[in-house]
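Chains as they are written, first to last, in the numbering used here: chain A, 77 to 296; chain B, 77 to 296. Every residue, glycine too, gets a C-beta built ideally from N, C-alpha and C. These figures come from a predicted structure and were not determined experimentally. Have a look at the structure below before the remarks.
Number of protein chains: 2
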Amino acid sequence: LLLLSDALRRRVVADERPFDALPSADDHVILAGYGRFGQIVARVLKLKKVQVTALDLDPAQVDVIRRFGFEIYYGDAARVDLLRAAGAERARLFVLAIDDPAASVRTAEVVREGFPGLRMVARARNREHAHKLVALGVEHVVRETYASSLEAAAIALEEIGFPGGQASAAVDRFRQYDEQLLQEQLEFRDDEDDERYIARTRHFTKELEQIFEQDQQAET
Amino acid sequence: LLLLSDALRRRVVADERPFDALPSADDHVILAGYGRFGQIVARVLKLKKVQVTALDLDPAQVDVIRRFGFEIYYGDAARVDLLRAAGAERARLFVLAIDDPAASVRTAEVVREGFPGLRMVARARNREHAHKLVALGVEHVVRETYASSLEAAAIALEEIGFPGGQASAAVDRFRQYDEQLLQEQLEFRDDEDDERYIARTRHFTKELEQIFEQDQQAET
């Protein structure tokens, strides 16, 4: 109940506050979602002197970020009128860093339809979310915990005694095949709970095991 | 209310099912939390023929993963008796891949106290969570969306015309300084809402901007 009333309160506050007026810009990058993911992208772009128009739907978050000296606007990136006012037609790139899959997919749809020439780089929560974004024609889809989990895997391998070169080679190899699997899964993404999906994944895992075994034989 | 009843129902189901009996192992890696992050680590380790004892607190998740052919047990990694039964004293490494910060920190405390010699690699949700794990003496802390957000930043820079080498150099540079900031923030992690924290971060951002400006001058 506390959670519920908190959610309602936030919604009321959010509804009461009108969206910020966005400045119209040229040659900029529009970034939607200024959470853990979006703010890293924005900070790197800013350091390379790229103009970024950042949007977030959480007014409290927007206020906090402003205190740190970053330019960010309170607004819904799935509103085509708002994007048009901000000069989305003349933007160089759209970075979709919204965490919630439903809101992210809705925004990708609006951008794809309203600004067909605007290329996108998107954050995905998981495979299913990634599949949806790829199906919408999003040019680059990055699974949000994927790269860090591979880093942790490499650290783990080194911790238990594998030389650094072997650890990173194993991770690179895994990644190459796992991304291939992601592509193949696109073909039957509606059967995710299916025996067929499970059988295919098992088959792929077996293939990957064989490849690693060959690698290990080649090393010894 | 639906959310609440769902949470209660899940809790009841979870409480009814006893934890799995774990096999006692030697020279293995114990992995707690088999979500998006943990399963990637486990798969890479498995391919390198490392024995992994994986634990997860979500019985439904455990059942699904088993169908894919992976060995995983339903159990709470913050239970020292359970860890001892699984041979934690003779484990080579503890991978802490639990997503919830409170459960993760609790588990890190139990492992640190119960098995002081057991080294850890941990997933962190954000800076605050990372700070807590580092303070507990966890050897390696990996922020879960950090590496992927840097990848997205490099892709964005390339998309808008920076050569690949410049994009990756910018990201490497950013990462180097951002990790230094994380270390420095450890000193005053209890003041996170403080003006001092904000001022320090702003100062650091300014420093980083100057470094990037020097880089750019060196490049041109």
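- Under the 7 Å criterion on CB atoms, residue 255 (chain B) is classed as non-interfacial with respect to chain A.
- With fewer than 16 other beta carbons inside 10 angstroms of its own, residue 147 (chain A) counts as exposed.
- For residue 128 (chain A), not one C-beta of chain B is nearer than 7 Å to its own C-beta.
- Ranked by Cα distance from residue 118 (chain B), the options A:255, A:228 and A:208 are led by A:228.
- For residue 186 (chain B), same chain residues with a beta-carbon under 6 Å away, outside a window of 5 residues either side, are 154 and 156 in chain order.
- The C-beta of residue 111 (chain B) has 16 or more other C-beta atoms within 10 Å across all chains shown, which makes the residue buried.
- Apart from the 5 residues on each side of it in sequence, residue 142 (chain A) sits with its Cβ closer than 7 Å to the Cβ of 148 in its chain, given in chain order.
- Around residue 223 (chain A), the beta-carbon contacts reaching into chain B at under 7 Å are 223, 224 and 227.
- Shown here for residue 222 (chain A): not one same chain residue has a beta carbon closer than 6 Å to its own, the five before and five after excluded.
- Around the beta-carbon of residue 259 (chain A), fewer than 16 other beta-carbon atoms lie within 10 Å, marking it exposed.
- At a cut-off of 7 Å, the C-beta of residue 216 (chain B) has a neighbouring C-beta in chain A.
- Residue pairing by DSSP puts residue 106 (chain B) in a beta bridge opposite B:129 and B:170.
- Here the alpha carbon of residue 169 (chain A) sits roughly 38 Å from the alpha carbon of residue 287 (chain A).
- Note that the stretch 98 to 106 of chain B touches the stretch 120 to 140 of chain B; at least 3 beta-carbon pairs, one per stretch, sit closer than 8 Å.
- Look at residue 116 (chain A): its C-beta is under 7 Å from a C-beta on chain B.
- In the DSSP assignment, residue 198 (chain B) falls within the beta strand (DSSP E) that extends over 196 to 200.
- By the criterion of a C-beta distance shorter than 6 Å, residue 161 (chain A) is surrounded in its chain by 98, once the five residues flanking it on both sides are discounted.
- The C-alpha of residue 249 (chain A) lies about 42 Å from the C-alpha of residue 135 (chain A).
- Secondary structure at residue 251 (chain B): helix, using DSSP grouped into helix, strand and coil.
- By the neighbour-count criterion, in which 16 or more other beta carbons inside 10 Å mark a residue as buried, residue 219 (chain A) falls on the buried side.
- Using beta-carbon distances, residue 145 (chain A) counts as an interface residue toward chain B, with a partner under 7 Å.
- Ranking A:226, A:101, A:123 and A:256 by CA distance to the CA of residue 244 (chain A) puts A:226 first.
- Contact residues of the stretch 147 to 166 of chain B toward chain A are absent (C-beta to C-beta distance below 7 Å).
- Leaving aside the five residues that flank residue 271 (chain B) on each side, none in its chain has a CB nearer than 6 Å to its CB.
- Residues of the same chain with their beta carbon placed closer than 6 Å to that of residue 159 (chain A) are lacking, with the five preceding and five following residues left out of the count.
- In the DSSP secondary-structure assignment, residue 219 (chain A) is bridged to A:200.
- In this structure, the CA atom of residue 178 (chain B) is about 10 Å from the CA atom of residue 208 (chain B).
- Among the residues facing chain A, residue 179 (chain B) is not included, as its CB has no counterpart in that chain under 7 Å away.
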